[in-house]
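Protein chains in written order, with the UniProt record's numbering: chain A, 1 to 559; chain B, 1 to 559. Backbone N, C-alpha and C fix where the C-beta goes; we use that ideal spot for every residue, glycine too. Note that the structure is a prediction, hence the values are computed from the model and not measured. The structure appears below as structure tokens.
2 protein chains.
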Amino acid sequence: MSKKNNQDKLLIFALGGVGEIGKNMYVVQYGNDIVVVDSGLKFPEEDMLGIDIVIPDITYLTDNRDKVRGILITHGHEDHIGGLPYVLRHLNVPVYGTKLTLGLIEGKLKEAGLLGDTKRILINADSEVQLGAIKASFFKVNHSIPDAVGVCLDTPEGRVVHTGDFKFDHTPVNNQYADLQRMAEIGSGGVLALLSDSTNAERPGFTPSESNIGREFEDIFRKSQQRVVVATFASNVHRLQQVINAAMATKRKLAVIGRSMVNVVSIASELGYLNIPEGMIIEPEEVGKIAADRVVILSTGSQGEPMSALTRMARSTHRKVDILPGDTVIIAATPIPGNEKYVGRTVDELFRLGANVIYGPGSVSGVHVSGHGSQEELKLMLNLMKPKYFIPIHGEYRMLRQHALLAEAVGVEKENIFMLDNGDTVELQGGAARKGSKVQAGNVLIDGLGVGDVGNIVLRDRKLLSQDGILVVVVTLSKQDGAIVSGPDIISRGFVYVRESEGLLEEANRIVTSTLNKLMSDNVNEWASLKTNVKDALGRFLYEQTRRRPMILPIIMEV
Amino acid sequence: MSKKNNQDKLLIFALGGVGEIGKNMYVVQYGNDIVVVDSGLKFPEEDMLGIDIVIPDITYLTDNRDKVRGILITHGHEDHIGGLPYVLRHLNVPVYGTKLTLGLIEGKLKEAGLLGDTKRILINADSEVQLGAIKASFFKVNHSIPDAVGVCLDTPEGRVVHTGDFKFDHTPVNNQYADLQRMAEIGSGGVLALLSDSTNAERPGFTPSESNIGREFEDIFRKSQQRVVVATFASNVHRLQQVINAAMATKRKLAVIGRSMVNVVSIASELGYLNIPEGMIIEPEEVGKIAADRVVILSTGSQGEPMSALTRMARSTHRKVDILPGDTVIIAATPIPGNEKYVGRTVDELFRLGANVIYGPGSVSGVHVSGHGSQEELKLMLNLMKPKYFIPIHGEYRMLRQHALLAEAVGVEKENIFMLDNGDTVELQGGAARKGSKVQAGNVLIDGLGVGDVGNIVLRDRKLLSQDGILVVVVTLSKQDGAIVSGPDIISRGFVYVRESEGLLEEANRIVTSTLNKLMSDNVNEWASLKTNVKDALGRFLYEQTRRRPMILPIIMEV
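Printed below as a string of structure tokens:
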């Protein structure tokens with residue numbers, strides 16, 4: 001059953017997360033034991049038209065399902081847990097996570113109807129878990145969500161460390177310190193291979209502390225004579241806590257709006273990660289009944305997402321809360337690449353309503369810091385772990401590359417650094433590492449309920465349709481002599497607006513008619529030729545006239 | 001002919017450029033005399049599928065064509081000159097510009113076949129032009145293209161100043177200083193209304209000097225043991241000069257690649273704006289014949305544009321130049337919002353080829369500075385001009401808003417600041433200003449050769465098609481009894497890949513058949529009802545099965 005050539009070797013690879021930001025899924029295999037770290041999703045690239053989300057291709061895991069001992073989850077962000085509902089449907093294995101992480105996962109599994117069937121195992125930073133020949137232990141890290149851990153995997157071949165997403169915050173909110181001592185101890189024990197977060201590898205210096213933001217919030221809340229709206233990532237529980245603390249200090253009540261914000265506030269306070277004073281929370285409906293300078297509204301929409309609460313407030317289409325002139329809106333987040341325009345539009349609309357908007361890069365606004373460590377922190381992690389081999393993960397290629405340069409700078413041997421694509425394996429045996437054969441990896445596109453039924457052809461068609469639309473040409477020919485019985489009728493969708501282009505379409509009609517007549521007189525009557533000729537002649541004519549290339553769909557019938 | 005209510009009044013408005021970045025076109029009218037400042041294009045927003053460029057709606061100008069005295073162009077960037085080929089086709093009026101600006105315009109007009117018919121009038125910073133009752137004069141400003149000017153319009157109602165795009169560069173390349181003395185003099189004369197560039201109104205401090213970059217180039221060229229590629233905006237002639245100077249200082253030859261780069265280098269050196277030493281330029285074909293450390297390649301593609309020279313080099317598909325491991329590539333530009341991903345991908349590909357890539361924000365890379373002034377410079381301009389009324393222009397709403405706050409901060413009365421949308425007018429009479437009635441303004445979308453034939457319906461269809469594709473359902477019914485004679489045939493484009501979804505499409509077929517049979521037995525036989533019912537039933541079924549909503553196009557024929 002087990003493949004011989006993997007036996008007694010240590011294999012490390014990514015099914016998602018290298019050469020991209022998103023769908024993190026890393027695999028460590030020793031002989032017949034496979035441990036998976038994280039199971040994330042990715043939001044579609046702009047050329048994946050109509051796609052909702054993207055998850056990793058897990059063929060390798062389903063092909064080796066008897067070997068998979070479990071999925072360890074480092075923290076509860078979508079790019080680390082969002083793939084679970086899809087993965088667990090095909091691979092029923094135990095999921096390990098800390099309290100908040102499991103809390104967030106359970107919400108997802110419930111929605112997907114998978115909660116009952118999934119074994120969930122609670123861990124904390126002191127847990128040890130034996131997964132076949134691999135022993136997993138954990139260490140606390142700082143990140144933009146509480147309860148984030150790194151993973152230490154002791155295998156017969158040596159120790160593999162996966163940092164998870166991390167920064168070093170020396171003044172963390174709620175005293176949730178990263179466990180430097182444990183990391184140092186892991187490093188002292190000898191690390192064979194380190195996999196480390198490359199998100200901010202392009203950024204010099206240190207990432208500022210999350211607790212800087214609390215002071216800023218309090219200052220803004222105090223100065224504002226009216227309502228304050230704070231939009232941030234729902235999962236950034238430490239930031240939510242700081243909003244609550246600042247509201248407390250400035251005697252404001254708190255309303256929570258937006259589905260994911262309500263959800264996270266409820267889970268996090270239930271599990272003890274969010275400390276909300278008695279009587280502070282009010283319902284959104286009550287906002288209007290309280291003096292404007294006694295209210296804070298905590299909202300989703302920091303990315304300008306079209307359907308989010310903040311966007312609806314900005315467009316005056318929110319059912320419960322209006323933005324009034326003089327209100328203050330804090331956007332405590334940086335746009336994820338690709339979202340800049342959405343956020344910009346939301347800011348524009350808020351300004352148009354007369355709001356005072358605090359936004360922009362954290363260095364200007366003072367109300368956002370990254371959850372990922374910058375170059376100095378990445379070097380600190382490298383020096384704590386002192387790995388023999390280094391694999392930069394969690395980043396676009398350029399970020400992995402910059403991280404590799406940092407590793408070289410702190411003394412990792414250049415030839416011991418592995419730049420991987422998804423599916424590339426590193427094989428370790430007898431203390432030596434080399435690139436192994438590639439395993440199947442890639443994007444699985446999810447559109448609606450369909451998984452994997454939208455492939456390159458469908459995407460190419462969507463792309464073509466989006467550029468110049470489609471023309472459907474319907475003609476009926478006589479079975480006897482091939483003469484045109486009815487049509488051609490030309491239907492345009494997304495090409496031109498018919499009423500403004502009558503002349504063009506009439507001429508197109510003539511082209512189709514004369515093309516078909518010519519073919520008939522030449523005794524060409526195979527369907528395929530007829531269609532190809534109509535397509536070519538019409539396509540050429542339209543390109544000459546308009547410099548556009550709509551998709552042309554000839555429908556030729558016989559009676 | 002002239003509208004009475006405009007007589008003896010001064011009208012100021014934008015047909016493009018406020019509430020957006022791009023398609024700048026400002027109008028100053030006194031009585032029967034209209035002066036237009038700039039005539040730009042905008043690149044399409046991401047929801048304008050298939051659109052090539054966007055220009056302003058100039059109905060107001062064509063309706064008042066006899067009053068338009070001329071178009072003054074502040075500088076040669078696309079967002080200020082790119083609309084000219086379209087505008088001049090409908091409005092044959094003189095165009096005024098400085099030497100380089102006219103040089104760039106002439107290239108465009110030649111391509112459009114409009115060069116012979118267009119009166120072009122060369123101005124310099126000392127020119128005075130009488131345009132009916134309006135006297136135009138000019139002042140030198142610093143910008144990321146040489147020969148940029150601001151415009152001073154003296155009208156019987158008072159003085160209107162339009163800054164053009166500007167920064168204050170106290171150590172400009174080629175000693176092209178902004179004319180502070182002239183600006184101060186204009187201010188001393190009393191400025192009724194100032195229109196000023198808001199692009200960087202969100203950015204604190206000063207924008208660094210262009211000349212900083214020259215030192216950085218020289219340093220990089222000197223350190224590199226191999227070829228250096230510099231990608232930047234072709235129109236940034238001062239930066240091109242600095243590449244040439246650094247090449248000179250490090251004894252490298254220069255190859256120029258990319259259509260617009262070749263074009264600008266040729267125009268700018270011909271007109272004396274670019275100083276290229278004898279024998280420095282080599283043909284791209286010669287790059288391979290010269291020692292790698294003796295070559296610099298100047299290239300387009302700093303925005304990661306898919307067809308540009310740099311992108312093709314990064315993908316190893318450029319016909320003449322390959323990137324070799326160890327080459328240095330400098331991307332001397334910041335991504336325009338929306339282009340971040342393209343630039344990122346190009347950087348990734350260059351790193352994969354083994355190049356050393358210098359990129360990122362100017363503050364990190366040292367090889368880019370903005371051409372627009374930051375907050376302190378905007379305040380300096382306001383204080384030089386001391387306007388009574390202020391109209392922030394050239395920016396998204398949030399930038400205009402920040403600029404308005406700066407104006408307030410330096411002492412412009414709050415009620416004297418006008419936040420305009422395109423088409424909003426400011427009327428000035430007897431020293432007082434108020435918002436006037438709105439004139440027609442908006443986006444004219446250009447797709448291929450078509451101008452204005454792609455409207456909301458076509459764009460909505462393209463959007464729908466791009467999300468879930470289209471299903472064409474073809475059925476032939478009997479004229480006698482309405483029975484199905486052939487079909488239904490279902491054709492999918494961009495919905496699902498047929499081979500993977502046979503079951504779904506077979507079931508869809510049955511739904512169409514049973515819907516039609518039911519309608520027939522109920523004696524429903526109007527075309528419209530048949531089509532609507534098929535659409536609804538099939539749409540409902542597909543949404544239930546897939547959570548997708550493809551466009552459904554029923555084609556029902558009778559025989």
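- Secondary structure of residue 265(A) (DSSP, three-state): helix.
- The beta carbon of residue 277(B) is closer than 8 Å to those of 244, 248 in its chain, skipping five residues each way along the sequence.
- Under the Cβ distance rule, residue 396(A) counts among the residues neighbouring chain B, one pair being separated by less than 8 Å.
- Per DSSP, reduced to three states, the secondary structure at residue 370(A) is coil, with no helix or strand assignment.
- Around residue 341(A), the beta-carbon contacts reaching into chain B at under 8 Å are 45, 46, 337, 338.
- Secondary structure at residue 456(A): helix, using DSSP grouped into helix, strand and coil.
- The three-state secondary structure of residue 242(B), taken from DSSP, is helix.
- With contact defined as three or more Cβ pairs closer than 8 Å, the region 11 to 24 of chain A and the region 436 to 443 of chain A are in contact.
- Interface criterion not met: the Cβ of residue 513(A) is under 8 Å from no Cβ in chain B.
- For residue 85(B), the enclosing alpha helix (DSSP H) begins and ends at 84 to 90.
- For a Cβ distance threshold of 7 Å, nothing in chain B lies close to residue 521(A): the least Cβ distance comes to about 24 Å.
- Taken through DSSP and simplified to helix, strand or coil, residue 528(B) comes out as helix.
- In the DSSP assignment, residue 551(A) falls within the unbroken beta strand (DSSP E) covering 551 to 558.
- For residue 310(A), the closest of 293(A), 281(A), 337(A), 343(A) by C-alpha to C-alpha distance is 343(A).
- For a Cβ distance threshold of 7 Å, residue set 497 of chain B lies close to residue 455(A), ordered along the chain.
- For residue 313(A), the uninterrupted alpha helix (DSSP H) segment begins and ends at 309 to 314.
- Counting only runs of 3 or more residues that sit fully inside the region 116 to 201 of chain A, the beta strand (DSSP E) segments are 120 to 122, 128 to 131, 134 to 140, 149 to 155, 158 to 162, 193 to 197, in chain order.
- Beta-carbon to beta-carbon, residue 84(B) and residue 61(B) are separated by about 13 Å, too far to satisfy the 8 Å threshold.
- In this structure, 487(B) is the residue among 297(B), 133(B), 487(B), 398(B) with its C-alpha nearest to the C-alpha of residue 514(B).
- When Cβ pairs closer than 8 Å are counted between the two stretches, the region 229 to 237 of chain A is seen to touch the region 294 to 312 of chain A, the count reaching three or more.
- Inclusion of residue 417(B) and residue 408(B) in the CB contact set at 8 Å is warranted, their separation being smaller than that value.
- The beta carbon of residue 539(B) is closer than 7 Å to those of 549, 552 in its chain, skipping five residues each way along the sequence.
- Nearest to residue 198(A) by alpha-carbon distance, out of 457(A), 532(A), 401(A), is 401(A).
- Under the 8 Å criterion on CB atoms, residue 130(A) is classed as non-interfacial with respect to chain B.
- Residue 291(B) sits exposed, since fewer than 16 C-beta atoms from the chains shown fall within 10 Å of its C-beta.
- Within the region 395 to 438 of chain A, complete alpha helix (DSSP H) segments of at least 4 residues are found at 397 to 409, given in chain order.
- Taken in chain order, the whole beta strand (DSSP E) runs of length 3 or more contained in the region 483 to 522 of chain A are 484 to 493.
- Apart from the 5 residues on each side of it in sequence, residue 397(B) sits with its Cβ closer than 7 Å to the Cβ of 19 in its chain, given in chain order.
- Here residue 212(B) carries a helix assignment [DSSP, helix/strand/coil].
- Residue pairing of residue 56(A) in beta bridges, as defined by DSSP: 443(A).
- Between the alpha carbons of residue 474(B) and residue 165(B) lies a gap of roughly 57 Å.
- Excluding sequence positions up to five before and after residue 323(A), its CB lies within less than 6 Å of the CB of 313, 353, 355, all in the same chain and listed in chain order.
- Residue 480(B) has a beta carbon lying at 8 Å or more from every beta carbon in chain A.
- Identification of residues in the region 274 to 304 of chain B having a C-beta nearer than 9 Å to some C-beta of chain A yields an empty set.
- Against residue 204(A), the close residues of chain B are 364, in the order they occur along the chain (beta-carbon pairs closer than 8 Å).
- Note on geometry: alpha-carbon atoms of residue 32(B) and residue 78(B) lie some 29 Å from one another.
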